[in-house]
Structure formats: C-alpha cells, structure tokens
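Trainee:
There are 2 protein chains.
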Amino acid sequence: MAQRKRKDLQLSEAEWKVMHAVWECAPATARDVLDTLGDETEWAYTTVKTMMTRLVDKGALKTKMRGNTSVYVPALTKNHARTSALRGLLDRAFGGTMGSMMHFLVEEEKLTAKERREILRRLSEDQA
Amino acid sequence: MAQRKRKDLQLSEAEWKVMHAVWECAPATARDVLDTLGDETEWAYTTVKTMMTRLVDKGALKTKMRGNTSVYVPALTKNHARTSALRGLLDRAFGGTMGSMMHFLVEEEKLTAKERREILRRLSEDQA
DNA sequence: TGACGACTTCTACAGATGTAGTATCTTCAG
DNA sequence: CTGAAGATACTACATCTGTAGAAGTCGTCA
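First to last, the sequence lines map onto chains A and B. Each step along the first sequence adds one to the number in this note's numbering, with nothing skipped, and position 50 is 50. Every number in this note's numbering is 128 more than the matching position in the second sequence, counting from 1.
1. Could you have a look at Leu-111 (chain A) and say whether DSSP puts it in helix, strand or coil?
2. Ends of the beta strand (DSSP E) at Ser-70 (chain A)?
3. Is the Cβ-Cβ distance between Ala-14 (chain A) and Val-22 (chain A) less than 9 Å?
4. Pick helix, strand or coil for Thr-211 (chain B), following the three-state DSSP scheme.
5. Does Glu-209 (chain B) have its Cβ less than 9 Å from a Cβ in chain A?
6. Quick one: what's got a C-beta closer than 8 Å to Ala-154 (chain B)'s C-beta in the same chain, skipping five residues either side?
7. Pick helix, strand or coil for Leu-139 (chain B), following the three-state DSSP scheme.
8. Going by the CB atoms, is the gap between Gln-138 (chain B) and Ala-213 (chain B) shorter than 9 Å?
9. If you reduce the DSSP assignment to three classes, tell me which class Ala-28 (chain A) lands in.
10. Apply the 10 Å Cβ neighbour rule to Met-147 (chain B) and answer buried if 16 or more other Cβ atoms are within range, or exposed otherwise.
11. I'd like to know if the stretch 166-174 of chain B and the stretch 106-123 of chain A are in contact, where contact means that at least 3 CB-CB pairs between them fall below 8 Å.
12. Starting from the Cα of Leu-90 (chain A), find the closest Cα among B:Thr-225, B:Arg-210, B:Gly-224 and B:Asp-219 and give me that residue.
13. Secondary structure at Thr-225 (chain B), three-state DSSP: helix, strand or coil?
14. My guess is that Ala-158 (chain B) and Lys-177 (chain B) are in contact by the Cβ rule of under 8 Å, so how many angstroms apart are they, rounded?
15. Give the single residue among A:Ala-113, A:Phe-104, A:Ser-12 and A:Ser-100 whose Cα lies nearest to the Cα of Arg-54 (chain A).
16. Counting contacts by CB-CB distance shorter than 9 Å, is Trp-144 (chain B) in contact with chain A?
17. Using a 10 Å radius around the Cβ and a threshold of 16 neighbouring Cβ atoms, would you call Ala-113 (chain A) buried or exposed?
18. Which value, in whole angstroms, describes the spacing of the CA atoms of Arg-116 (chain A) and Asp-136 (chain B)?
19. Could you tell me whether any Cβ in chain B is nearer than 9 Å to the Cβ of Leu-61 (chain A)?
20. Specify the secondary structure class of Thr-169 (chain B) as computed by DSSP and reduced to three states.
21. On the CB-based measure, 16 or more other CB atoms within 10 Å of its CB, does Gly-88 (chain A) come out buried or exposed?
22. What number of angstroms, rounded off, separates the C-alpha of Gly-38 (chain A) from the C-alpha of Lys-17 (chain A)?
23. Taking the C-alpha atoms as reference points, what is the distance between Ala-60 (chain A) and Ser-70 (chain A)?
24. Assign Met-101 (chain A) to one of two classes, buried (16 or more other C-beta atoms within 10 Å of its C-beta) or exposed (fewer than that).
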C-alpha cells in the first residue's frame, strides 16, 4: 500500500462532504452535519456518525463531549485538506509537478476565457 | 455509493502507475509494464496482471491476445484520464468549479514565482 | 520427451469505504 | 416515574483496492 507520510491525509468523496459541512458549521454535532447536508445526501444519521468517528480516527476531526453529545471541530483547515488533495492528484496524475498540471490546464483548454482573464489579473497584480 | 456517470472513471493510485506505464509503452504486455515500472514498485507479476485485468473491466484498457499473451492498449488518453481526475478533485474539494481552484492556487501561494511566470507567459501568448 | 520458463485464470485475503441496523443509554416532558 | 426522542457504541456487510499465491497451459531447448 502506498504509504504516504502521515499528515498528508487523503479524504474520500463521502468524507469530503462531511468535512465541508463541518467547516461550514463547526463546532458541529452529527445532527448539525446531517442538517447542513440537507438533500445533498440521503444518509442515515448513523452513517454520518460512523464517518465522523472515522474522521476522528484519521485525524481530520477533533471531538469533545458536551453532555451526552459529541461535538466536532475540524482538525485541519479546508486549505490544508485542499493542498493535500491537490498534492495527491499531482503525484498520481501529473508526475508530481504543478507545472505539468498548469501546462495541461492551459494547453488543453480547460479554462474558459473568463477564467484565464481572472487568473491573469490575479497573477499579475500579485506579482507587481 | 456516489454514482458518477459511468465514463467518468476514477483511477486509484496503483492504477495510475499502471496506466502511466501503458501509455509509455503501449501496446504492452503485463511483463512490459512490470519492466517499465522498474524499481518504482516491488510488485509481483501477478499483481500487475490483476490490476490490468481490473483496468480492462473498468474500461481503461483494451486487450487482445497475441499467441498466449495478452497485449494491452489504453482505452483512454492520458489527457482524458487527467481531465476526469481533475474533475473529481474539483467536485470533491473545490465545489466543482475550476475558478475556485485557481483562486486557491493563486491566493494560497501554491505556485512558485517561476510557475507564475510560466503560466502568465502561456496564458497571455495564447490569448493574444 | 520432459523439465523450465513465461503466461494465464482463479482464488484469497486484509484494509478502506459506503451505508446502515441494533441495542443501549440519557434526558426531558408529562 | 415512565415513555418518547435523540444520542452513543457496536456490529455488519458489500464493494473496492492492494497484493499475491496456486495451479494449469504452452512453447522450447537439451
């Protein structure tokens, strides 16, 4: 099994959904997460609870009891998770370099004209 | 289980390795792939063979017998696979929009100065 | 012709992921 | 005090992923 350095945790699709909900309404209970997800999923309460328990194991969430209820907060920021996920994609699919992904984006027309302008604007103003 | 439209197949980490090898030396036998991978992995021959069989099932590879040996060719291009993978990352981690990923890249300093210059160059020359 | 090597198909098994039921416990409203 | 509502921990099970052994088949070389 590819054993990437601990700390570089990869989230599964379902886990991302839960994390998004937690980032949105932390500190959150499983019930809060279920409500936040709304009709985005049809999950049973226990499904969410199970995933949150696993996310605690993975180190993506922290939990604390309040009365008889577990309250969860993220153990990493959304940006941190995004960075890991991106890193994973880069490693798997783009030979590990940002450059080759950018090349792909630019050459393969994955960007709309609007996105291009936006990026140009940001990059150049930031660089000045 | 999140049931994305078939066709939008997501490759696992090990599968990416195999696919990279096949793209590199197609048409390729399992042996070719194993050789191409070199010391990148310690896989047994049958491990590679199993994965290639699964990739055929998934529709990522096509196979044909030559004598008593299976010869494989990719059933999708690297760019196609990259697009799917990127799409997956976008959906999972960036709310499904390219824009928010680019925002992340630009604002979060994920790019080196060199990469920025490179992107600027490509974008602007392409846009002219 | 028989052993060796290369290939194939089958089977296996552990860990991760998706999804949820069940049994139990806590609390609050009557 | 009792029961419903809601929380928890445990258990379960199918599928996917990573990894590979076992057994059978075929061609070749001595």
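Where a beta carbon is used, it is the ideal one built from N, C-alpha and C, also for glycine. Just so it is clear, the structure is predicted and the values come from calculations on it, not from any experiment.
Mentor: For this structure:
1. Here DSSP, grouped into helix, strand and coil, assigns Leu-111 (chain A) to coil.
2. From DSSP, the beta strand (DSSP E) with Ser-70 (chain A) extends over 69-74.
3. Not closer than 9 Å, so no.
4. Helix.
5. Note that residue 209 (chain B) is Ala in the sequence shown here, rather than Glu. At least one chain A Cβ lies under 9 Å of Ala-209 (chain B).
6. Contacts found: Tyr-200, Val-201 and Pro-202.
7. In the structure shown, the three-state DSSP call for Leu-139 (chain B) is coil.
8. Yes. Within cutoff.
9. The three-state secondary structure of Ala-28 (chain A), taken from DSSP, is strand.
10. By the beta-carbon neighbour count (other beta carbons within 10 angstroms, threshold 16), Met-147 (chain B) is buried.
11. Segments in contact, no.
12. Nearest option by C-alpha distance: B:Arg-210.
13. In the structure shown, Thr-225 (chain B) falls within a coil segment according to DSSP collapsed to helix, strand and coil.
14. Rounded, the Cβ-Cβ distance is 5 Å, consistent with contact.
15. That would be A:Ser-12, whose Cα lies nearest to the Cα of Arg-54 (chain A).
16. At a cut-off of 9 Å between beta-carbon atoms, Trp-144 (chain B) makes contact with chain A.
17. Exposed, since its Cβ has fewer than 16 Cβ neighbours within 10 Å.
18. Between Arg-116 (chain A) and Asp-136 (chain B), the alpha-carbon positions lie close to 25 Å from each other.
19. For Leu-61 (chain A), the closest Cβ of chain B is not nearer than 9 Å.
20. When DSSP states are grouped into helix, strand and coil, Thr-169 (chain B) belongs to the coil group.
21. Gly-88 (chain A) sits buried, since 16 or more C-beta atoms from the chains shown fall within 10 Å of its C-beta.
22. Distance between the alpha carbons of Gly-38 (chain A) and Lys-17 (chain A): 11 Å.
23. Straight-line Cα distance between these residues: approximately 15 Å.
24. Buried.
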